[in-house]
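Chain order of the listed sequences is A and B. FYI, in UniProt numbering the residues of the first sequence are 1 to 290. FYI, in UniProt numbering the residues of the second sequence are 1 to 321.
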Amino acid sequence: MAIRSLLSINKKKQKGVIVDRNKENSFPADLMTKCPECKKIYLTKELDNNLKVCPNCDHHYKMTAWERVSILMDEGTFVSFDENLRTSNPLKFPSYLDKIEIDSHKTGLNEAVLTGMGSIDGSQVVVAIMDSHFRMGSMGSVVGEKITRAIEKATEYSLPFIIFTASGGARMQEGVISLMQMAKTSVALKRHSDHGLLFISIMTHPTTGGVSASFASLGDLNIAEPQALIGFAGRRVIEQTVREKLPEDFQTAEFLLAHGQLDAIFHRKEMRDKLATIVKLHQKGGVSNV
Amino acid sequence: MSKSLDFEEPVVKLREKIGELKEIAKSAEVDMSSEIETLETRLKQLEAKIYSNMEPWDRVQVARHAQRPTTSDYIEEIFSDFIELHGDRSFGDDEAIIGGIASFEGQPITIIGHQRGKSTKENIRRNFGMPHPEGYRKALRLMKQAEKFNRPIICFIDTKGAYPGKAAEERGQSEAIARNLFEMAGLKVPVISVVIGEGGSGGALALGVANKIYMLENSTYSVISPEGAASILWKDASLAKQAAEAMKITAFDLKEMGIIDGIVNEVAGGAHRDVQAQALELKNCISEALSQLNSLSEAELIDDRYEKFRKIGEFIEEEVN
Ligand SMILES: [Zn+2]
Numbered sequence: 001m002a003i004r005s006l007l008s009i010n011k012k013k014q015k016g017v018i019v020d021r022n023k024e025n026s027f028p029a030d031l032m033t034k035c036p037e038c039k040k041i042y043l044t045k046e047l048d049n050n051l052k053v054c055p056n057c058d059h060h061y062k063m064t065a066w067e068r069v070s071i072l073m074d075e076g077t078f079v080s081f082d083e084n085l086r087t088s089n090p091l092k093f094p095s096y097l098d099k100i101e102i103d104s105h106k107t108g109l110n111e112a113v114l115t116g117m118g119s120i121d122g123s124q125v126v127v128a129i130m131d132s133h134f135r136m137g138s139m140g141s142v143v144g145e146k147i148t149r150a151i152e153k154a155t156e157y158s159l160p161f162i163i164f165t166a167s168g169g170a171r172m173q174e175g176v177i178s179l180m181q182m183a184k185t186s187v188a189l190k191r192h193s194d195h196g197l198l199f200i201s202i203m204t205h206p207t208t209g210g211v212s213a214s215f216a217s218l219g220d221l222n223i224a225e226p227q228a229l230i231g232f233a234g235r236r237v238i239e240q241t242v243r244e245k246l247p248e249d250f251q252t253a254e255f256l257l258a259h260g261q262l263d264a265i266f267h268r269k270e271m272r273d274k275l276a277t278i279v280k281l282h283q284k285g286g287v288s289n290v
Numbered sequence: 001m002s003k004s005l006d007f008e009e010p011v012v013k014l015r016e017k018i019g020e021l022k023e024i025a026k027s028a029e030v031d032m033s034s035e036i037e038t039l040e041t042r043l044k045q046l047e048a049k050i051y052s053n054m055e056p057w058d059r060v061q062v063a064r065h066a067q068r069p070t071t072s073d074y075i076e077e078i079f080s081d082f083i084e085l086h087g088d089r090s091f092g093d094d095e096a097i098i099g100g101i102a103s104f105e106g107q108p109i110t111i112i113g114h115q116r117g118k119s120t121k122e123n124i125r126r127n128f129g130m131p132h133p134e135g136y137r138k139a140l141r142l143m144k145q146a147e148k149f150n151r152p153i154i155c156f157i158d159t160k161g162a163y164p165g166k167a168a169e170e171r172g173q174s175e176a177i178a179r180n181l182f183e184m185a186g187l188k189v190p191v192i193s194v195v196i197g198e199g200g201s202g203g204a205l206a207l208g209v210a211n212k213i214y215m216l217e218n219s220t221y222s223v224i225s226p227e228g229a230a231s232i233l234w235k236d237a238s239l240a241k242q243a244a245e246a247m248k249i250t251a252f253d254l255k256e257m258g259i260i261d262g263i264v265n266e267v268a269g270g271a272h273r274d275v276q277a278q279a280l281e282l283k284n285c286i287s288e289a290l291s292q293l294n295s296l297s298e299a300e301l302i303d304d305r306y307e308k309f310r311k312i313g314e315f316i317e318e319e320v321n
């Protein structure tokens with residue numbers, strides 16, 4: 001699969017090393033990719049050039065964290081934070097750390113989120129980008145800690161904080177400690193907000209459970225990518241509870257928008273420009289220079 | 001007499017036997033007092049042994065006991081002048097959460113808690129203590145009201161979780177929970193949360209961003225129910241007993257992990273055996289916590305809450321060359 005082959009390109013980056021954007025977009029091994037939605041077959045390269053959006057049906061493929069950096073940040077500006085944090089095994093679940101090791105190798109990330117600082121169209125921002133290829137993007141201690149540190153850095157430097165969420169929720173294997181990461185990230189966001197700083201949350205497919213019920217929903221602006229699955233409880237759990245058929249579009253970004261739960265849906269092709277505009281609009285008015 | 005649980009079966013049986021013996025002795029006009037005394041000593045020993053060796057799964061059973069005291073039971077026992085306040089001011093009144101104002105040792109406070117029912121009828125009305133978004137929004141409204149009037153906030157946590165339903169999703173269950181975590185972080189008044197029964201996931205945490213967090217001895221606090229954990233981890237919900245151990249969900253586990261501040265002792269066999277005695281334990285705990293928090297300034301309270309959650313997490317930080 002094309003995404004997997006691109007993942008292998010995401011070699012471990014040293015702190016402060018400038019990302020080579022062309023390298024990130026280099027030619028993957030699989031030549032052809034079949035769209036899971038409309039079943040049309042495309043050259044993988046064509047798909048990549050189209051920001052991993054199906055040219056026929058607009059299906060937004062999942063992206064790796066580094067791929068998002070490459071399409072979002074000004075070339076060579078991104079500096080990654082906290083790559084030296086490592087997952088531990090507080091509840092001593094068998095083979096938990098082996099699974100982490102495998103996903104770490106696969107994605108080139110130390111955990112399910114990449115955090116760092118850089119600029120978008122000239123505006124300096126702190127970003128956190130979750131990667132669902134790493135343990136379904138689930139949130140354990142390292143994810144919570146990296147996001148919290150990134151928010152704290154944004155507060156310290158009076159910068160906007162932007163997060164791309166992609167997560168199945170809390171990390172089961174870290175038990176109640178993973179639950180508490182919801183509170184930890186939220187208290188950090190409150191402090192950032194109290195400094196009059198901007199937080200934009202962009203929910204990508206999928207954003208559910210504890211991540212949906214904490215920082216993902218706390219943006220000054222809550223944005224989503226088209227068709228992203230967003231919700232608190234899983235569809236199957238709800239169907240078992242309420243014993244009724246749920247609408248086809250239940251818990252999609254479009255469903256949330258219609259129910260007043262989102263500010264907007266941005267197509268991936270306009271994401272960078274829209275974010276740049278939003279950040280600039282907040283620079284003119286509200287950003288405190290304390 | 002309340003329904004007995006599997007692990008306490010020997011205690012219940014022995015207690016019944018002693019009762020029978022007393023009845024017989026009364027009618028038979030034989031002096032059995034020394035025999036009865038011996039058995040009662042044995043009962044005490046058995047109780048001590050069984051109730052001091054409870055497995056996590058036993059505690060889950062006690063935490064879920066149908067007659068376990070609920071938020072409203074403790075309100076009645078602990079606070080005076082309670083006036084319930086309803087509604088979120090935008091959608092409705094969720095009876096899975098109750099809240100209001102009252103006085104505690106002469107101090108006005110706001111009290112908010114999940115509310116289960118004890119009968120099927122009441123459980124249906126209260127949705128088994130599983131809130132919708134409007135429940136969390138009512139809680140937040142009352143917290144903001146407390147802040148305005150400089151009242152400490154006391155939260156009782158007792159829910160299997162936020163309700164997983166269609167309407168709950170439509171009205172923003174995620175946002176309602178997230179908003180509470182965020183806003184509770186900034187409250188300028190003391191916040192005390194006590195888990196009195198089940199503390200299920202984000203739906204529990206939404207009343208849990210406090211300066212002091214306590215758990216009743218047989219309560220649980222978890223990211224997912226033991227049944228849910230078992231079906232995800234081992235694809236078998238019947239392994240809930242094992243999951244209850246593996247997931248580390250008891251008050252003792254959370255104390256050891258440094259997440260909670262203290263454990264409120266329960267009366268032998270669980271809170272349901274003596275609501276008044278249990279309420280007194282809880283009252284003493286709240287009194288102690290309030291006396292510590294009342295002296296803190298607004299900024300100190302907020303910083304205290306920040307630091308409390310900031311430090312939760314287990315990871316390894318490697319040296320950077
Ligand atoms: Zn397509």
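Virtual Cβ for every residue (Gly too), placed ideally from N, Cα, C.
Next item on the list: Compare the C-beta of A/Glu225 against all C-beta atoms of chain B and say whether one is closer than 8 angstroms.
Entry: Chain B, which has no Cβ nearer than 8 angstroms to the Cβ of A/Glu225, makes this no.
Next item on the list: Inspect the beta-carbon positions of A/His195 and A/Leu229 and report whether they are closer than 8 angstroms.
Entry: With respect to A/Leu229, A/His195 sits apart: the two C-beta atoms are not nearer than 8 angstroms.
Notebook entry, point to check: Whose C-alpha, out of B/Ile157, B/Asn321, B/Phe315, is nearest the C-alpha of A/Lys92?
Noted result: Scanning B/Ile157, B/Asn321, B/Phe315 for the CA closest to the CA of A/Lys92 turns up B/Phe315.
Notebook entry, point to check: Where A/Gln264 and A/Leu257 are concerned, what is the direct C-alpha to C-alpha distance, given to the nearest angstrom?
Noted result: Looking at the sequence shown, residue 264 of chain A is not Gln but Ala. Cα-Cα distance, rounded: 7 angstroms.
Check: Hey, is A/Ser88's beta-carbon within less than 8 angstroms of any beta-carbon in chain B?
Finding: Yes, because at least one Cβ of chain B sits closer than 8 angstroms to the Cβ of A/Ser88.
Margin query: I'd like to know whether the C-beta of B/Tyr306 is nearer than 8 angstroms to at least one C-beta of chain A.
Written below: At a cut-off of 8 angstroms, the C-beta of B/Tyr306 has a neighbouring C-beta in chain A.
Notebook entry, point to check: Does at least one heavy atom of ligand 1 sit under 7 angstroms from the Cβ of A/Glu37?
Noted result: For ligand 1, at least one heavy atom lies less than 7 angstroms from the Cβ of A/Glu37.
Check: Taking Cβ positions only, does A/Ser158 come closer than 8 angstroms to chain B?
Finding: So, not an interface residue.
Next item on the list: In the DSSP assignment, find the beta strand (DSSP E) that holds A/Glu145 and state where it starts and stops.
Entry: Element bounds for A/Glu145: not the beta strand (DSSP E) but the alpha helix (DSSP H), 141-156.
Notebook entry, point to check: Name the chain A residues that come within less than 9 angstroms of B/Tyr221, Cβ to Cβ?
Noted result: Those within 9 angstroms of B/Tyr221 in chain A are Val176, Leu179.
Notebook entry, point to check: When the Cα atoms are used, what is the spatial distance from B/Ile286 to B/Gly258?
Noted result: For B/Ile286 and B/Gly258, the gap between their C-alpha atoms comes out near 19 angstroms.
Check: Which residues mark the beginning and the end of the beta strand (DSSP E) in which A/His87 is found?
Finding: The sequence shown places Thr at residue 87 of chain A, not His. A/Thr87 -> beta strand (DSSP E) spans 85-87.
Next item on the list: Name the two residues that bound the continuous beta strand (DSSP E) containing A/Ile125.
Entry: It is worth fixing the name first, because residue 125 of chain A is Val in this sequence and not Ile. Boundaries of the beta strand (DSSP E) around A/Val125: 123-130.
Margin query: Does the contact criterion of 3 or more C-beta pairs under 8 angstroms hold for the stretch 221-235 of chain A versus the stretch 182-190 of chain A?
Written below: At 8 angstroms Cβ cutoff, the stretches do not touch.
Notebook entry, point to check: With a CB to CB cut of under 8 angstroms and the five nearest residues on each side skipped, what residues in its chain are close to B/Gln115?
Noted result: Contacts found: Thr70, Thr71, Ser72, Glu95, Ala96, Ile97, Ile98, Arg126, Gly129, Asp158.
Next item on the list: Buried or exposed for B/Leu181, please, with buried defined as at least 16 other CB atoms from any protein chain shown within 10 angstroms of its CB.
Entry: Its Cβ being crowded by 16 or more others within 10 Å, B/Leu181 is buried.
Notebook entry, point to check: Would the C-beta of A/Asn56 count as close to ligand 3, meaning under 7 angstroms from any of its heavy atoms?
Noted result: Absent from the structure shown: ligand 3. Ligands present: ligand 1.
Note to self: Please identify the residue among B/Arg64, B/Ser34, B/Glu23 whose C-alpha is closest to the C-alpha of B/Leu5.
What the structure shows: Closest option to B/Leu5, judged by alpha-carbon separation, among B/Arg64, B/Ser34, B/Glu23: B/Arg64.
Next item on the list: Give the residues of chain A in contact with B/Pro164, contact being defined as C-beta atoms less than 8 angstroms apart.
Entry: Those within 8 angstroms of B/Pro164 in chain A are Phe232, Ala233, Gly234, Val237, Ile238, Thr241.
Next item on the list: Please check if any C-beta of chain A sits within less than 8 angstroms of the C-beta of B/Leu233.
Entry: Judged by the 8 angstroms Cβ criterion, B/Leu233 is in contact with chain A.
Note to self: Less than 8 angstroms between the beta carbons of A/Thr165 and A/Met203, yes or no?
What the structure shows: Taking 8 angstroms as the cut-off, the beta carbon of A/Thr165 is found closer than this to the beta carbon of A/Met203.
Item checked: Length of the line joining the Cα atoms of A/Glu156 and B/Glu319 -> Distance between the alpha carbons of A/Glu156 and B/Glu319: 23 angstroms.
Next item on the list: Could you please give me the residues that DSSP links to B/Cys155 through a beta bridge?
Entry: In the DSSP output, where bridge partners are listed per residue, B/Cys155 has B/Ile112, B/Ser193.
Notebook entry, point to check: Residues of chain A with CB under 8 angstroms from B/Leu239, in chain order?
Noted result: Chain A residues near B/Leu239: none, gap ~14 angstroms exceeds 8 angstroms.
Note to self: Strictly by DSSP, which residues pair up with A/Leu221?
What the structure shows: Looking at the DSSP assignment, A/Leu221 forms a beta bridge with A/Ile200.
Note to self: Quick check: the Cα distance between B/Leu216 and B/Val60, rounded to an integer number of angstroms?
What the structure shows: Approximately 12 angstroms, taken between the alpha carbons.
Next item on the list: Compare the C-beta of B/Arg64 against all C-beta atoms of chain A and say whether one is closer than 8 angstroms.
Entry: Contacts with chain A at 8 angstroms (Cβ-Cβ) do not include B/Arg64.
Notebook entry, point to check: Relative to chain A, which residues along the stretch 252-284 of chain B have a C-beta separation below 7 angstroms, given in chain order?
Noted result: The stretch 252-284 of chain B vs chain A, Cβ under 7 angstroms: Leu254, Met257, Ile259.
Note to self: So with CB distances below 9 angstroms, who are the chain B contacts of A/Gln124?
What the structure shows: In chain order: nothing, as chain B lies at least about 23 angstroms away.
Check: Going by DSSP, which residues form a beta bridge with A/Ile163?
Finding: As a beta-bridge residue in DSSP terms, A/Ile163 pairs with A/Ala128, A/Ser201.
Check: By how many angstroms is the C-alpha of B/Gly135 removed from the C-alpha of B/Gly87?
Finding: Cα-Cα distance, rounded: 8 angstroms.
Notebook entry, point to check: Under 8 angstroms between the Cβ atoms of B/Leu239 and B/Ala251?
Noted result: Going by C-beta atoms, B/Leu239 is not nearer than 8 angstroms to B/Ala251.
Next item on the list: Quick one: measure Cβ to Cβ for A/Phe232 and A/Ser201, integer angstroms, because I've assumed they're closer than 8 angstroms.
Entry: Taking a contact as a CB-CB distance under 8 angstroms, the pair A/Phe232 and A/Ser201 does not count as one, their CB atoms being some 15 angstroms apart.
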